[in-house]
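Chemist:
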Amino acid sequence: MTGRAFGVLAVLTVATQLGGCATAPPLESAKLDGSPRSVVLHHPASGESVSVTYWRPGDGYDPAAMREISVLFRDRRSDEAIPIDPALVDMLVELRQRVGAAPESPIRITSGYRSGATNASLARSNPNVAENSYHLRGQAADFSIAGVPPARLAEEAAAMQRGGYAMYAHTGHVHVDTGPFRTWTPKTGEPRAPQILEAQARARAKAQALALAQKAGNAKARVQVADAGAKPAKAPVKSPAKAPAAPGAKAPPPDLARVRVALAQIKEMPVQKPAKR
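All residue numbers for the sequence shown refer to the working numbering, where the first residue is 110 and numbers rise by one.
(1) Going by C-alpha to C-alpha distance, which of Pro145, Ala250 and Glu265 sits closest to Pro166?
(2) Out of curiosity, what's the CA-to-CA distance linking Ala196 and Ser214?
(3) Please state whether the Cβ-Cβ distance between Thr287 and Asp184 is less than 7 Å.
(4) According to DSSP, is Ala266 part of a helix, a strand, or is it coil?
(5) What does His282 pair with, by DSSP beta-bridge criteria?
(6) Figure out for me which residue from Arg217, Glu177, Ile218 and Ala239 has the closest Cα to the Cα of Thr227.
(7) Per the DSSP calculation, Tyr170 is bridged to which residue(s)?
(8) Assign Asp188 to one of three DSSP states: helix, strand, or coil.
(9) May I have the straight-line CA-CA distance separating Asp251 from Leu319, to the nearest angstrom?
(10) Which residue marks the beginning of the alpha helix (DSSP H) containing Arg205, and which one marks its end?
(11) Would you decide whether Pro236 is buried or exposed? Buried here means 16 or more other CB atoms lie within 10 Å of its CB.
(12) Would you decide whether Thr292 is buried or exposed? Buried here means 16 or more other CB atoms lie within 10 Å of its CB.
(13) Measure the beta-carbon distance from Tyr274 to His282 and round it to whole angstroms, keeping in mind my assumption that it falls under 8 Å.
(14) Could you tell me which whole beta strand (DSSP E) segments of length 3 or greater appear in the region 214-249?
(15) Is the beta carbon of Pro192 closer than 7 Å to that of Gly247?
(16) Return the CA-CA distance between Pro259 and Gly326, expressed in angstroms with no decimal places.
(17) Based on the DSSP output, what are the partners of Val159 in its beta bridges?
(18) Report the three-state DSSP secondary structure of Arg291 (helix, strand or coil).
(19) Given that a residue counts as buried once 16 or more other Cβ atoms are within 10 Å of its Cβ, and exposed if not, what is Gly143?
(20) In chain order, what residues of the same chain have a beta carbon less than 8 Å from the beta carbon of Arg367, not counting five sequence neighbours either side?
(21) Would the region 217-226 and the region 146-160 be scored as touching if the rule is three or more Cβ pairs under 8 Å?
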C-alpha cells in the first residue's frame with residue numbers, strides 16, 4: 110500500500126469518529142486569543158508534515174483539519190488513528206507561542222497516539238511508559254521544537270499549570286498531556302531542571318505532611334492501646350526465709366557416714382613427739 114493510499118485510508122478510518130471536534134473545549138483550558146489558530150506538525154521518522162488552520166472564531170474546531178492532525182498522530186506500528194484532544198493541540202500551540210517560536214516553526218511529534226498493543230510492548234522495555242498512558246486516549250504528545258531547549262519547553266509547561274508534563278533530556282523531548290496538572294521524574298536518573306520542580310515539590314510537601322500526621326495519629330493510638338491492655342507487673346518471687354528453730358526443738362540426727370570418715374582420718378594421723386626445750 111502506498112503512503113498516499115494509506116493516508117486516505119487513515120482519514121476514512123477516523124472520519125466517522127471526529128464529529129465532535131467542531132465543539133471547542135472550555136475557554137479556560139486554552140488561553141489563546143480569538144485569532145485563527147494554525148499549527149505545523151512534523152513526524153521526524155516518516156518525514157510527514159501537516160500545516161493546517163484548525164480553529165476559527167465563530168466556527169470552532171475544523172473537522173477536516175482535526176482529521177489531518179489525527180492522521181499525523183497515528184500509531185505508526187498498528188496504523189491506527191483516533192481523534193486527538195483539541196485541548197492538546199491548543200496546548201502545543203500555546204507552548205510554541207510562549208517560547209517565542211515562529212508560527213511556521215514545526216512542532217516535531219515523536220509519539221502521539223498509541224494503541225493498547227503498542228503501549229504494552231513499549232512498557233515492557235521502557236520503564237518510562239505508563240500502563241494507563243494518556244497516549245492511549247489521544248491526549249498526550251512527546252514533542253520538541255527545533256532551536257528550543259527541552260528545559261525551556263518544560264519550564265513553560267510548568268508555568269501554564271495545565272496538564273501533565275515531563276522533560277526527557279536523554280532523548281531531547283518533552284511530554285505533555287491534558288490530564289491533571291502534575292510532573293514526575295523520568296526513570297533514567299537524569300538531572301531535572303530546577304525551574305520545573307515547583308508542582309512536584311508542592312505535591313511532595315503535601316504528601317509528607319499527611320504522612321507525618323498519619324504517623325503521629327498511629328503512634329498515639331498504639332500508646333492508648335498499650336495503656337488499656339497493660340497488666341500490673343508481678344512482684345519478684347522471693348525464696349521463703351528459713352524460720353528460726355523453736356526453743357526446745359530437737360536437733361536433727363548426725364550424718365553417721367561423715368562421722369566414720371572423720372574418725373578414720375584421726376587414727377591415721379602420726380603421733381607427734383614433744384619438742385625438746
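Cβ atoms here follow ideal geometry from the backbone N, Cα and C, with glycine treated the same way.
Modeler: Straight from the coordinates:
(1) For the purposes of this step, residue 166 is taken as the residue at position 57 of the sequence shown. Checking every option, the nearest Cα to that of Pro166 belongs to Pro145.
(2) The sequence position of residue 196 within the sequence shown is 87, counting from 1. The sequence position of residue 214 within the sequence shown is 105, counting from 1. Taking the straight line joining both Cα atoms gives about 19 Å.
(3) In the sequence shown, residue 287 corresponds to position 178, counting from 1. In the sequence shown, residue 184 corresponds to position 75, counting from 1. No, the pair does not count as a contact, with Cβ atoms beyond the cut-off.
(4) As a working mapping, residue 266 is identified with position 157 in the sequence shown. Three-state DSSP puts Ala266 in a helix.
(5) Locating residue 282 in the sequence shown gives position 173, where the first residue counts as 1. DSSP, once it has assigned bridges, lists Tyr277 as partnering His282.
(6) Within the sequence shown, the letter at position 118 stands for residue 227. The residue among Arg217, Glu177, Ile218 and Ala239 with its C-alpha nearest the C-alpha of Thr227 is Ala239.
(7) Taking the first residue of the sequence shown as 1, we reach residue 170 at position 61. Its beta-bridge partners are Trp164.
(8) The count along the sequence shown starts at 1 and reaches residue 188 at position 79. Correct three-state label for Asp188: coil.
(9) What you label residue 251 is simply residue 142 of the sequence shown in a count that begins at 1. What you label residue 319 is simply residue 210 of the sequence shown in a count that begins at 1. Between Asp251 and Leu319, the C-alpha separation is close to 33 Å.
(10) The count along the sequence shown starts at 1 and reaches residue 205 at position 96. First-last of the alpha helix (DSSP H) with Arg205: Pro195 to Arg207.
(11) For the purposes of this step, residue 236 is taken as residue 127 along the sequence shown, with counting starting at 1. Exposed, by the Cβ-count rule.
(12) Indexing the sequence shown from 1 puts residue 292 at position 183. With 16 or more other Cβ atoms inside 10 Å of its own Cβ, Thr292 counts as buried.
(13) Here the question's residue 274 lines up with position 165 in the sequence shown. Here the question's residue 282 lines up with position 173 in the sequence shown. Contact doesn't hold; Cβ gap of about 11 Å is too wide.
(14) Fully enclosed beta strand (DSSP E) runs of 3 or longer: 216-220.
(15) Position 138 of the sequence shown, counted from the start, is the residue given in the question as residue 247. Position 83 of the sequence shown, counted from the start, is the residue given in the question as residue 192. Remark: C-beta atoms of Gly247 and Pro192 approach each other more closely than 7 Å.
(16) To locate residue 259, count along the sequence shown from 1; it is residue 150. To locate residue 326, count along the sequence shown from 1; it is residue 217. Computed Cα separation, rounded: 43 Å.
(17) As a first step, residue 159 is located in the sequence shown; it is residue number 50 there, counting from the start. Under DSSP, Val159 shares a beta bridge with Leu150.
(18) In the sequence shown, counting from the first residue as 1, residue 291 sits at position 182. DSSP places Arg291 in the strand class (E or B) of the three-state scheme.
(19) Counting from 1 along the sequence shown, the entry for residue 143 is found at position 34. Counting of Cβ neighbours within 10 angstroms places Gly143 among the exposed residues, the total staying below 16.
(20) Position 258 of the sequence shown holds residue 367. No residues qualify anywhere along the chain.
(21) The region 217-226 and the region 146-160 touch, with no fewer than 3 CB-CB distances between them shorter than 8 Å.
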